[in-house]
Each structure stands twice: as structure tokens, then as C-alpha cells.
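Notes follow once the structure below has been shown.
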Amino acid sequence: MPDNLHDSPVSSSGSKVGHRPSRNDAGPFRRGPFILAMALLFAVVPLLAGCEDESEPVVNVYSHRHYDTDEALFQQFTAETGIRVRVVSASADELIARLEREGAASPADVLITVDAGRLHRARTRGLLQPVESEVLQEVVPEHLRDPENFWFGLTQRIRVLAYARERVDPEEIQSYEALADGEWEGRVVARTSENIYNISHMASMVAALGQEAAEEWARGVVANFARPPQGNDTDQIRDVASGIGDVALVNSYYVGRLLNADDAASRELGERVGIIFPNQEDRGAHVNVSGIGVTAHAPNRDHAVRLIEFLVSEEAQRAFAEANFEYPVREGIDWAPTLRSWGTFRADDLELNRLGELNNEAVRIFDRAGWR
Ligand code: FE2
Numbered sequence: 170m171p172d173n174l175h176d177s178p179v180s181s182s183g184s185k186v187g188h189r190p191s192r193n194d195a196g197p198f199r200r201g202p203f204i205l206a207m208a209l210l211f212a213v214v215p216l217l218a219g220c221e222d223e224s225e226p227v228v229n230v231y232s233h234r235h236y237d238t239d240e241a242l243f244q245q246f247t248a249e250t251g252i253r254v255r256v257v258s259a260s261a262d263e264l265i266a267r268l269e270r271e272g273a274a275s276p277a278d279v280l281i282t283v284d285a286g287r288l289h290r291a292r293t294r295g296l297l298q299p300v301e302s303e304v305l306q307e308v309v310p311e312h313l314r315d316p317e318n319f320w321f322g323l324t325q326r327i328r329v330l331a332y333a334r335e336r337v338d339p340e341e342i343q344s345y346e347a348l349a350d351g352e353w354e355g356r357v358v359a360r361t362s363e364n365i366y367n368i369s370h371m372a373s374m375v376a377a378l379g380q381e382a383a384e385e386w387a388r389g390v391v392a393n394f395a396r397p398p399q400g401n402d403t404d405q406i407r408d409v410a411s412g413i414g415d416v417a418l419v420n421s422y423y424v425g426r427l428l429n430a431d432d433a434a435s436r437e438l439g440e441r442v443g444i445i446f447p448n449q450e451d452r453g454a455h456v457n458v459s460g461i462g463v464t465a466h467a468p469n470r471d472h473a474v475r476l477i478e479f480l481v482s483e484e485a486q487r488a489f490a491e492a493n494f495e496y497p498v499r500e501g502i503d504w505a506p507t508l509r510s511w512g513t514f515r516a517d518d519l520e521l522n523r524l525g526e527l528n529n530e531a532v533r534i535f536d537r538a539g540w541r
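Under the working numbering, think of the first position of the sequence shown as 170, with each following residue one higher.
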């Protein structure tokens with residue numbers, strides 16, 4: 170199910186390379202000095218940690234994001250509060266695995282990751298704790314946060330239909346449901362059902378249509394595939410642009426990234442596809458979030474809450490969302506120019522917590538429908 174199984178943490182496999190356990194534990198060291206050194210080490214480490222807490226407040230962030238704007242925002246947070254931000258960057262699934270491994274000894278104070286399904290997973294595995302904050306209650310809309318405040322959305326991402334401008338009239342396809350219609354046979358491209366974006370989207374289909382109709386929809390889409398599910402969101406756009414398929418299910422920021430890329434070839438690729446915000450006549454386009462939560466064993470809990478409150482401030486929301494062509498969760502924030510060019514749209518206000526709750530059901534439906 171995880172996106173990034175191949176990204177398993179380096180430390181667990183890497184440390185084995187070239188090291189065979191020896192019967193002579195002390196190896197080249199003489200035992201006495203070795204034990205003394207270890208004793209000193211264990212005495213000094215807690216002292217260092219203690220000193221650091223007193224002299225320099227910190228907050229430790231585990232984040233899947235690695236944008237320059239995030240770094241600039243963290244520096245600004247430090248300038249305003251005196252709290253230093255230390256960031257560990259890795260893939261979303263890797264960070265969750267790492268938190269599980271570290272348990273109560275984890276130095277992490279906050280987890281920043283993508284997809285409500287993953288945030289829900291982090292909560293159900295006991296990796297997060299609830300946060301009481303009037304600021305967060307007020308700023309983050311109810312459907313974009315955990316009902317018991319274990320996590321909060323930071324940016325909104327919309328799953329849209331990307332279509333070939335050359336071959337498709339957008340009037341022809343205005344809903345997710347239409348992807349299953351017979352006229353799209355051999356024209357739909359998609360990622361595999363292991364992808365969390367697809368799982369969460371299927372969960373939203375179950376929430377909207379019920380299990381039976383959602384499964385029927387999945388069978389219809391599978392029957393319309395131009396090729397077996399494969400690749401990432403950008404690959405879907407590429408395959409629509411090159412004519413392998415005519416329409417794809419993707420997050421809009423991937424098109425935004427292409428349109429704003431440094432290289433002309435990527436920008437041209439982006440220009441070849443149009444985007445449709447589906448289901449404007451009923452529930453609206455499917456919404457997901459990148460989000461944040463305070464870790465269950467956060468050593469710097471108060472600093473963590475201050476950081477989250479900072480990240481939903483007006484200034485931070487604009488920069489945080491713009492970095493990846495996503496939409497702010499806070500009301501009244503200017504959108505990036507590319508998002509403005511796409512116009513306003515109706516967004517599904519389904520409680521995102523449901524995406525996590527319906528995750529297993531969604532996976533079973535994909536299996537039964539043969540969406541591999
Ligand atoms: Fe993504």
C-alpha cells in the first residue's frame with residue numbers, strides 16, 4: 170500500500186553492509202577503556218540534551234516537504250519566537266515508519282505529511298496527540314482537520330481530470346463518474362490502486378455513492394483503461410499529452426508545476442492538457458490535504474503548537490500553499506497566479522477523516538474491480 174516501500178530507511182539496511190558481528194565483542198578495543206568511554210557517553214548525552222533545551226528552544230519537524238519556501242518560513246518562525254526549527258526530511262511513509270520505530274524515544278515534535286488517509290493512519294497507530302488551540306479551531310475549517318484535533322490540514326490539494334486539449338471537449342466529461350462511461354473506452358490513464366491519492370479518492374467515491382455503486386464505477390473505469398495503471402501523477406499527464414490516453418485522474422498541482430517549470434519542454438507538456446474540476450453540479454471536486462500533527466511523545470509540545478499556529482497565519486499560508494501550487498486552508502488568502510487562472514470551483518466538503526476510515530473498504534473495492 171505505501172507509495173515508497175523502496176525508500177525503506179537507510180539505517181536499518183545500510184548499517185549491515187560490511188559489518189559482520191564478531192565473537193570478540195570488544196574488537197580491537199581493550200574492554201576497560203571501552204566501558205569507561207561508553208559510561209561517559211551515556212552521562213554526557215542527557216546533559217547535552219538538557220543544556221540545549223534551556224539555552225536554545227527547538228522544535229523538531231519530521232516533514233515530507235523539501236521546499237526552499239518552507240526553510241524561509243521556518244527561519245521567520247525562529248526570528249519571531251526564538252525557537253529553532255530542526256527538520257528531518259523523508260518520504261511520508263518512511264517518516265511514519267521511523268516514528269513507529271522510535272516510539273517514546275523519538276525526538277520528533279511534529280509530523281508534516283500528505284494525504285488525510287496517511288494522517289489518519291498516523292493517528293490510529295498512536296503516533297499523534299490531540300491539540301487544544303483556539304487559533305487552529307478558528308482558522309482550519311472543520312472538515313479539513315481531525316474531529317478530535319489529532320491533525321490539521323495545512324494545504325488543500327484537488328484531484329482533477331487532466332484532458333488532452335487537442336482531442337477532448339471538456340464539456341464531454343464533467344464528473345468522476347463519467348470516467349466509467351462507455352465513450353471513454355481505451356482513453357483513461359491512471360496510477361495503480363496502491364497509490365494513497367487513489368485510495369483516498371476511492372474512499373470519497375464510497376462516501377458519495379455507497380460501496381456498491383463505487384465498485385461498479387471502478388469496474389467501468391478499469392474497462393476504459395488505455396493501458397495498465399502505472400507511473401506517478403506526472404506520468405499520467407505525459408501519457409495524455411503524448412496521446413496514450415485522453416483523460417487522467419491527477420492532483421492539479423502537478424499541472425501547476427509543469428506550467429511553471431524552468432524548462433520549456435515541461436511547460437509545453439503542461440500546456441497540452443486542460444484541467445476540469447469535476448462534479449460542479451453536485452458534491453464538488455475531491456479535496457485532500459497535506460497536514461500536520463503533534464507527535465505522541467513530543468519533547469517540545471508547546472513549541473510544536475506554536476509552529477502549527479504560525480503555519481496557518483496569513484503570511485505562512487500564502488507561501489506554504491504556493492510552494493507546491495496548492496490551495497491554502499485559511500480563508501481569504503490570495504491564490505498563486507496559476508490557480509487564479511484556473512478559476513474558482515466547488516470543492517467537496519466531506520469530512521476528510523472519512524477518507525481514512527474508508528481506506529480499507531476502498532482497497533478492497535480496487536481489488537475486486539481488478540484495478541491493480
Ligand atoms: Fe503529490
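Backbone N, C-alpha and C fix where the C-beta goes; we use that ideal spot for every residue, glycine too.
What are the uninterrupted segments assigned as beta strand (DSSP E) that are 3 or more residues long and contained completely in the region 276 to 323, given in chain order? Within the region 276 to 323, the complete beta strand (DSSP E) runs of at least 3 residues are 279 to 283.
Any heavy atom of ligand 1 within a distance shorter than 8 Å of the CB on aspartate 402? yes
Would you mind stating whether phenylalanine 246 and leucine 476 have Cβ atoms separated by less than 9 Å? yes
Alpha-carbon to alpha-carbon, isoleucine 413 and proline 276: 47 Å
Who are the near neighbours of isoleucine 281 in its chain, counting only those whose CB is closer than 8 Å to its CB and skipping five residues on each side? Closer than 8 Å at Cβ, skipping near neighbours: Val230, Tyr231, Ser232, His233, Arg234, Leu323, Ser459, Gly460 and Ile461.
Return the Cβ separation of threonine 361 and arginine 499 in integer angstroms, given the expectation that the two are a contact with Cβ distance under 8 Å. Actually they are not in contact, since the Cβ atoms of threonine 361 and arginine 499 sit about 33 Å apart, beyond 8 Å.
Under 8 Å, with one C-beta from each stretch per pair, do the region 322 to 338 and the region 431 to 451 reach the 3-pair mark? yes
Shortest alpha-carbon distance to serine 421 belongs to which of Asn469, Gly379, Glu491 and Val357? Glu491
I need the boundaries of the alpha helix (DSSP H) containing glutamate 443, first residue and last residue. In the sequence under discussion, the amino acid at residue 443 is glycine, which differs from the glutamate named in the question. Careful: glycine 443 lies outside any alpha helix (DSSP H), inside the beta strand (DSSP E) at 442 to 445.
Could you check whether valine 416 and valine 358 sit closer than 9 Å to each other, using their CB atoms as the reference points? yes
Whether aspartate 517 touches glycine 425 by CB criterion (9 Å): no
Who are the Cβ neighbours of arginine 537 in its own chain at under 7 Å, not counting the five residues just before and after it? Glu384
Across which residues does DSSP place arginine 255 in a beta bridge pair? Per DSSP, the beta-bridge partners of arginine 255 are Asn229.
Any Cβ of chain D within less than 9 Å of the Cβ of leucine 280? No chain D is part of this structure, which consists of one protein chain only.
If I follow the unbroken beta strand (DSSP E) through isoleucine 461, where does it start and stop? 455 to 464
Using a Cβ-Cβ cut-off of 6 Å (strictly less than) and excluding sequence neighbours within five positions of leucine 288, which residues of its own chain qualify? Trp320 and Gly460
Opening and closing residue of the alpha helix (DSSP H) in which alanine 376 lies: 365 to 378 is the extent of the alpha helix (DSSP H) around alanine 376.
Considering only heavy atoms of ligand 1, does any lie closer than 8 Å to the CB of valine 543? Nothing in the structure corresponds to residue 543, since the chain is present only between 170 and 541.
Name the residue from Phe446, Glu483 and Leu296 whose alpha carbon lies nearest to the alpha carbon of threonine 513. Of Phe446, Glu483 and Leu296, the residue nearest in Cα terms is Phe446.
Start and end of the alpha helix (DSSP H) containing asparagine 528? 528 to 538
Return the Cβ separation of glycine 286 and leucine 508 in integer angstroms, given the expectation that the two are a contact with Cβ distance under 8 Å. Between leucine 508 and glycine 286 the Cβ distance is about 24 Å, and since that is not below 8 Å, they are no contact.
heavy atom of ligand 1 below 8 Å from tyrosine 496 C-beta: Tyrosine 496 has its Cβ no nearer than 8 Å to any heavy atom of ligand 1.
Relative to ligand 1, is the shortest distance from any of its heavy atoms to the C-beta of tyrosine 366 smaller than 8 Å? yes
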